[in-house]
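Chemist: So that we are looking at the same thing, I have put the structure below in structure tokens.
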Amino acid sequence: MRSVKVEDVLRGGYEGERVLLRGWVYRRRKTGGVAFVVLRDSSGILQCVAERERGEVYDIAKKVRIESSVEVCGTVRREDKAPGGYEVLLDDIRVVHMAEAFPINRYKSEEYLLDNRHLWLRSREMTAVMKIRSTVFGAIHEFFRENGYYEVQAPMFVGSAVEGGSTLFEVPYFDKKAYLTQSAQFYLEAFIYSLEKVYTVAPSFRAEKSRTRRHLTEFWHAEAEVAWYGNEDMMKDEELLMEHIVRRVLAERKSELEYLGRDLDRLRAVEAPFERMRYERLIEMARDIGVEISYGDDLGADEERAITKEFEKPVFVTHYPSETKPFYHRPDPENPSVVLCHDLLAPEGYGEIIGGGERIWKLDVLLQRIRSYGLNPDDYSMYIDLRRYGSVPHAGFGLGVDRAVMWIAGLDHINKAIAFPRTIRRLRP
Ligand code: NSS
Numbered sequence: 062m063r064s065v066k067v068e069d070v071l072r073g074g075y076e077g078e079r080v081l082l083r084g085w086v087y088r089r090r091k092t093g094g095v096a097f098v099v100l101r102d103s104s105g106i107l108q109c110v111a112e113r114e115r116g117e118v119y120d121i122a123k124k125v126r127i128e129s130s131v132e133v134c135g136t137v138r139r140e141d142k143a144p145g146g147y148e149v150l151l152d153d154i155r156v157v158h159m160a161e162a163f164p165i166n167r168y169k170s171e172e173y174l175l176d177n178r179h180l181w182l183r184s185r186e187m188t189a190v191m192k193i194r195s196t197v198f199g200a201i202h203e204f205f206r207e208n209g210y211y212e213v214q215a216p217m218f219v220g221s222a223v224e225g226g227s228t229l230f231e232v233p234y235f236d237k238k239a240y241l242t243q244s245a246q247f248y249l250e251a252f253i254y255s256l257e258k259v260y261t262v263a264p265s266f267r268a269e270k271s272r273t274r275r276h277l278t279e280f281w282h283a284e285a286e287v288a289w290y291g292n293e294d295m296m297k298d299e300e301l302l303m304e305h306i307v308r309r310v311l312a313e314r315k316s317e318l319e320y321l322g323r324d325l326d327r328l329r330a331v332e333a334p335f336e337r338m339r340y341e342r343l344i345e346m347a348r349d350i351g352v353e354i355s356y357g358d359d360l361g362a363d364e365e366r367a368i369t370k371e372f373e374k375p376v377f378v379t380h381y382p383s384e385t386k387p388f389y390h391r392p393d394p395e396n397p398s399v400v401l402c403h404d405l406l407a408p409e410g411y412g413e414i415i416g417g418g419e420r421i422w423k424l425d426v427l428l429q430r431i432r433s434y435g436l437n438p439d440d441y442s443m444y445i446d447l448r449r450y451g452s453v454p455h456a457g458f459g460l461g462v463d464r465a466v467m468w469i470a471g472l473d474h475i476n477k478a479i480a481f482p483r484t485i486r487r488l489r490p
């Protein structure tokens, strides 16, 4: 007999039929002469009933421990009181593995659940998030491939910083030292001379010492780089990418979003185009709501939360003062004290999910910037070399995928958006 999935039963396709199901015991309870086993599989949960007259089946159903793996057979019938409106009247149950007493119940602390993430991963909450996450990654690849981008791969072991030295992870590398990549950007820039439009989805690493709700030491980064693009061209693709991701999630993961209590109308509002706002306007807005900040300051996590609470949709912030950004951003020809860059800030307090912009593409400007940032040109020889042979204007960006999942799923901490979060204090499980 072929096994069926819980969701197929709940769709009503098997009413009155005998089915075989495989899964895990989600809940168990006994009342009067009936034992209930709620079965969980990857597609949902389903109530199964064993009546006392069934003898051995009833005895097993009565005793099987939570999270044991089981195979059950029985007849599907409608039952309004069951979750999902159907149940299975059992005539057979086989315990594939009797679980030990499961260490998680609903009264455990967040810290305990993180220590046991390998087990908590089975919870309905994590299952919903992981399904949404899968859809987000799929939508990212779909968007890029449908829009003429080639997928490429960059190394994880690198020789120098992209996003500043303070968050570099150093690792021994034979008789030298290497770093874990912070961003594939410099490698993507090498690819554009042949492929023009490229993207990659890979982990990036940052030795983030601050404990915030939105920083991981290892995060998933979707990055793109495009020849002949300016800042505005890049933002246009990004807003379409974000719209595509959100629409896909709404179309495929509505029940998961609802399970997590997400306000779907907030997501339905995520339609391109997004507003473009200059950095100086952002500073004004921050001051208007009482944040103490002056021109040239970098927005901290708390300030960003306060400001983006007011947003209905994601907002691009452009033209940051150059000293607040890494050396590679192209100065605005109309005002070289600011750069042609953008951050995309997600609404509802979530804040920055994308950083990107136009790159310096002229050799002399780049060399001058590297020096004025106090950096050693020898560390950037590949990057500099790319400006010697047919250099072109170009732009790119990086999307923090875990942050995007956090926002779309409406989670209160980034460590709920990834299965095995890595933070300053957490390397296990
Ligand atoms: O530092 S970024 O703003 N920009 C870059 O790394 C560019 N080199 C990307 C590019 O143009 N190719 O990081 C990009 C995004 C940022 O907006 C966040 O959403 C995410 O990467 N990010 C992080 N997510 C989680 N944890 C940490 N620590 C983190 N750092 C950045």
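All letters in the sequence shown, in the order written, are residues 62 to 490 by my numbering.
Beta carbons: idealized from backbone N, C-alpha and C, even for Gly.
1. Exposed or buried, which one is Thr242 when buried takes at least 16 other CB atoms within 10 Å?
2. Any idea what DSSP makes of Gly417, helix, strand or coil?
3. Looking only at its chain, what residues have a beta carbon closer than 8 Å to the beta carbon of Arg486, apart from the 5 residues adjacent to it on each side?
4. Quick one, are the C-beta atoms of Val219 and Ala239 less than 8 Å apart?
5. Quick check: the Cα distance between Arg342 and Asn476, rounded to an integer number of angstroms?
6. Could you please give the first and the last residue of the uninterrupted alpha helix (DSSP H) stretch that includes Ala470?
7. Would you identify the three-state DSSP class for Pro488, choosing helix, strand or coil?
8. Would the beta-carbon of Val223 be found less than 7 Å away from any heavy atom of the ligand NSS?
9. Which first and last residues belong to the alpha helix (DSSP H) in which Arg342 is found?
10. Checking the sheet assignment: what are the DSSP bridge partners for Arg139?
11. Could you check the C-alpha separation between Asp393 and Ala268 for me, to the nearest Å?
12. Please give me, in chain order, every unbroken run of the beta strand (DSSP E) with length at least 3 that falls completely inside the region 205-257.
13. With hydrogens ignored, establish whether the beta-carbon of Ile368 is closer than 7 Å to any heavy atom of the ligand NSS.
14. In angstroms with no decimal places, state the Cα-to-Cα distance between His403 and Ser221.
15. Counting only runs that start and end within the region 69-126, where is the beta strand (DSSP E) found for 3 or more residues in a row?
16. Regarding Glu409 and the ligand NSS, is the C-beta to nearest heavy atom distance less than 7 Å?
17. Just checking Glu413 against the ligand NSS - is the residue's beta carbon closer than 7 Å to any of the ligand's heavy atoms?
18. Comparing C-alpha positions only, which one of Ser184, Asp473, Glu279 sits nearest to Tyr411?
19. Can you give the beta carbon distance from Arg483 to Thr278, rounded, assuming they're within the 8 Å contact cut?
20. Rounded to whole angstroms, how far is the Cβ of Phe372 from the Cβ of His305, which I believe are closer than 8 Å?
21. Here's a check: name, in chain order, each residue in its chain whose Cβ is nearer than 7 Å to the Cβ of Ser130, leaving out the five neighbours to either side.
22. Between Ala143 and Gly105, what straight-line distance do the alpha-carbon atoms span, to the nearest angstrom?
23. Mapping DSSP to helix, strand and coil, what is Gly199?
24. Under 7 Å: does the beta carbon of Gln243 sit that close to some heavy atom of the ligand NSS?
25. Between Ile479 and Arg115, what straight-line distance do the alpha-carbon atoms span, to the nearest angstrom?
26. Can you round the beta-carbon distance between Thr196 and Glu313 to whole angstroms, since I take them to be within the 8 Å contact cut?
Modeler: Reading it off the structure:
1. buried
2. strand
3. So the list reads Arg272, once near-sequence residues are dropped.
4. yes
5. 32 Å
6. 462-470
7. The amino acid occupying residue 488 in the given sequence is Leu; Pro does not appear at that position. Note: Leu488 maps to coil in three-state DSSP.
8. yes
9. Start and end: 340-349.
10. Tyr147
11. 31 Å
12. Within the region 205-257, the complete beta strand (DSSP E) runs of at least 3 residues are 230-234, 237-241.
13. no
14. 23 Å
15. 79-92, 95-102, 105-112
16. no
17. yes
18. Asp473
19. 5 Å
20. His305 and Phe372 do not touch by the CB rule: their CB atoms are close to 20 Å apart, not below 8 Å.
21. Trp85, Val157, His158
22. Distance between the alpha carbons of Ala143 and Gly105: 13 Å.
23. helix
24. Checking every heavy atom of the ligand NSS against the Cβ of Gln243, one is found closer than 7 Å.
25. 43 Å
26. 5 Å
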